[in-house]
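Novice: Below is the structure I would like to discuss, written out as structure tokens.
Residue numbers (the numbering used here): 1 to 129.
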């Protein structure tokens with residue numbers, strides 16, 4: 001069972017993968033528009049033979065409903081037949097930079113976004129026990 005986690009942003013989509021019990025950050029997907037990004041994510045899910053997709057969704061905050069709607073709409077555009085699971089991503093970027101990133105700062109290369117996806121993947125993994 002291959003599991004992929006994504007952290008959906010307006011410019012980049014962070015990606016992390018769980019394969020054979022090993023979780024690791026993967027190459028981020030750069031987002032030009034919704035259609036291109038959904039095609040690229042769909043292709044990546046197929047290439048990684050994903051059976052589950054873990055999607056970060058922010059809980060709490062003033063824009064919770066708007067972000068929930070936007071993220072779920074994006075996910076609805078994906079060509080993916082596996083199970084989709086939503087996990088609270090609140091604070092995942094901050095946690096990724098401080099605990100995993102080893103001093104990495106938010107950059108435009110997407111590494112921090114994929115580390116945030118790794119945090120989301122770990123949260124799901126810890127939750128399911």
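Backbone N, C-alpha and C fix where the C-beta goes; we use that ideal spot for every residue, glycine too. Note that the structure is predicted; figures quoted are calculated from it, not measured.
In angstroms with no decimal places, state the Cα-to-Cα distance between residue 121 and residue 84.
Specialist: The count along the chain shown starts at 1 and reaches residue 121 at position 121. The count along the chain shown starts at 1 and reaches residue 84 at position 84. Distance between the alpha carbons of residue 121 and residue 84: 13 Å.
Novice: Compare the beta carbon distance of residue 2 and residue 48 with 9 Å and say whether it is the shorter of the two.
Specialist: What you label residue 2 is simply residue 2 of the chain shown in a count that begins at 1. What you label residue 48 is simply residue 48 of the chain shown in a count that begins at 1. Going by C-beta atoms, residue 2 is nearer than 9 Å to residue 48.
Novice: Excluding the 5 residues flanking residue 59 on each side, which residues of the same chain have their C-beta closer than 7 Å to its C-beta?
Specialist: One-based indexing of the chain shown puts residue 59 at position 59. So the qualifying residues of the chain are 88, 90.
Novice: Check residue 111 in the structure and name its three-state DSSP category.
Specialist: Counting from one through the chain shown, the residue named residue 111 turns up at place 111. Residue 111 falls in the helix class under three-state DSSP.
Novice: Can you pull the DSSP bridge partners for residue 2?
Specialist: Counting from one through the chain shown, the residue named residue 2 turns up at place 2. Answer is 50.
Novice: Between the Cα of residue 96 and those of 4, 16, 11, spot the shortest distance and give me the residue it belongs to.
Specialist: Locating residue 96 in the chain shown gives position 96, counting from the first residue. Residue 96 has its Cα closest to that of 16, out of 4, 16, 11.
Novice: Starting from the Cα of residue 38, find the closest Cα among 8, 57, 125, 114 and give me that residue.
Specialist: Position 38 of the chain shown, counting from 1, holds the residue named residue 38. The option with the nearest alpha carbon to residue 38 is 8.
Novice: Can you say whether residue 79 is buried or exposed, counting buried as having 16 or more other CB atoms within 10 angstroms of its CB?
Specialist: One-based indexing of the chain shown puts residue 79 at position 79. Exposed: under 16 other Cβ atoms inside 10 Å.
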